[in-house]
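Visitor:
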Amino acid sequence: MAENIKSTIRLKKTEATALKEAAFFLTKQAIMKGKQKIYTEADLVHFAIEKLLKYIELDDSGNLKLRQKKEGEE
C-alpha cells in the first residue's frame, strides 16, 4: 500500500508564503542564538505532521478540527 501514498501536495500561495516566511524567521532566530541551523519549508511541514496529525479530528458537522492536547499527553 505504501506505493499508493502521495508524497507531494499542492500548497495554496498563502500557505507557501507563510511557510517560507516562518522558515526564514526560525532560521534567523537560530542564527541569533549562535546555532547554524537552516530551517526549510519541508522541515516545518514534516515537524507539523509528526507533532499535530494525531490531534486532527472531526467536529459534529464533519469538519476537520484540532483537538486540545490533554494534560500529560505528549
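In terms of this note's numbering, the sequence shown opens at residue -2 and continues consecutively. Here a beta-carbon is modelled for each residue, glycine too, at the ideal position from N, C-alpha and C. Note that this is a predicted model, so its numbers are computed, not measured.
(1) Check whether the segment 38 to 52 touches the segment 10 to 20, taking contact to mean three or more Cβ pairs, one atom from each stretch, closer than 8 Å.
(2) DSSP state of E0, grouped into three classes?
(3) In the DSSP assignment, what are the bridge partners of L55?
(4) Where K66 and A45 are concerned, what is the direct C-alpha to C-alpha distance, given to the nearest angstrom?
(5) Using C-beta distances below 6 Å, list every residue in its chain close to R64, excluding the 5 sequence neighbours before and after it, in chain order.
Guide: Based on what the coordinates show:
(1) yes
(2) Residue 0 sits at position 3 when you count from the first residue of the sequence shown. Helix.
(3) In the sequence shown, residue 55 corresponds to position 58, counting from 1. Partner(s): L61.
(4) Here residue 66 is taken as the residue at index 69 of the sequence shown, counted from 1. Here residue 45 is taken as the residue at index 48 of the sequence shown, counted from 1. Their backbone Cα atoms lie some 14 Å apart in a straight line.
(5) Taking the first residue of the sequence shown as position 1, residue 64 is located at position 67. If we look at R64 and ignore the five residues flanking it on each side, its Cβ neighbours are Y52 and E54.
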